[in-house]
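Asks:
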Amino acid sequence: MTESTTAWHLYILRTAAGQLYTGITTDVARRLAQHQSGKGAKSLRGKGPLILEFHCLAGDRSAALKAEYRIKQLHRQQKERLVSDQPPDVVDYLLAYAPSVRSG
916 MTESTTAWHL
926 YILRTAAGQL
936 YTGITTDVAR
946 RLAQHQSGKG
956 AKSLRGKGPL
966 ILEFHCLAGD
976 RSAALKAEYR
986 IKQLHRQQKE
996 RLVSDQPPDV
1006 VDYLLAYAPS
1016 VRSG
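Counting in the working numbering, the sequence shown runs from 916 upward without gaps.
1. Using only the alpha-carbon positions, how far apart do alanine 956 and isoleucine 927 sit?
2. Using CA atoms only, rank isn't needed, just tell me which of Thr941, Lys987 and Arg946 is closest to isoleucine 966.
3. Would you check if there are 3 or more beta carbon pairs closer than 8 Å linking the region 959-975 to the region 998-1012?
4. Between glutamate 983 and leucine 925, how many whole angstroms is the CB-CB distance? I'm expecting something under 8 Å.
5. Report the CB separation of proline 964 from alanine 931 in whole angstroms; it is logged as a contact under 8 Å.
6. Locate the beta strand (DSSP E) running through arginine 985, then write down its first and last residues.
7. Pick out whichever of Ala1011, Arg929 and Leu1009 has its Cα sitting closest to the Cα of lysine 962.
8. Please classify leucine 1009: does DSSP put it in a helix, a strand, or coil?
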């Protein structure tokens, strides 16, 4: 697969302290292992164990980046709702249930 046809996934992790971290990857299991071993995002180092709370297909890299950005703009309560609802299509979910994101 080329980068333009590679399937990208969006995922949300929960730290031991209950914080939520959102990211994208082409391989959720590999990326989770990287985070767990301290080789992932610096913001997660030393915050384990990490729990994979949510993941879904997000389309191509561009769509995944847009969905990741949108989720990172949500308030914690909205992120918790996304985790509890486990929507199969995160883009449609964001448009329907989290239409207002933080504004300036």
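We treat Cβ as the ideally placed atom computed from N, Cα and C, and that holds for glycine. If you're wondering where the values come from, they're calculated on a predicted model, not measured in any experiment.
Replies: So, from the listed chains and residues:
1. Position 41 of the sequence shown, counted from the start, is the residue given in the question as residue 956. Position 12 of the sequence shown, counted from the start, is the residue given in the question as residue 927. Near 13 Å, if we compare the C-alpha coordinates of isoleucine 927 and alanine 956.
2. On the sequence shown, residue 966 is found 51 positions in, with the first residue counted as 1. That would be Arg946, whose Cα lies nearest to the Cα of isoleucine 966.
3. yes
4. The residue you call residue 983 lines up with position 68 of the sequence shown. The residue you call residue 925 lines up with position 10 of the sequence shown. The pair is a contact, with the Cβ atoms about 6 Å apart (cut-off 8 Å).
5. Along the sequence shown, read from residue 1 onward, the residue named residue 964 stands at position 49. Along the sequence shown, read from residue 1 onward, the residue named residue 931 stands at position 16. About 6 Å; that satisfies the 8 Å criterion.
6. The residue labelled residue 985 in the question sits at position 70 within the sequence shown. Looking at the DSSP string, arginine 985 is not in any beta strand (DSSP E); the run it does join, the alpha helix (DSSP H), is 976-987.
7. Position 47 of the sequence shown, counted from the first residue, corresponds to residue 962. It is Arg929 whose Cα lies nearest to the Cα of lysine 962.
8. Position 94 of the sequence shown, counting from 1, holds the residue named residue 1009. It is helical.
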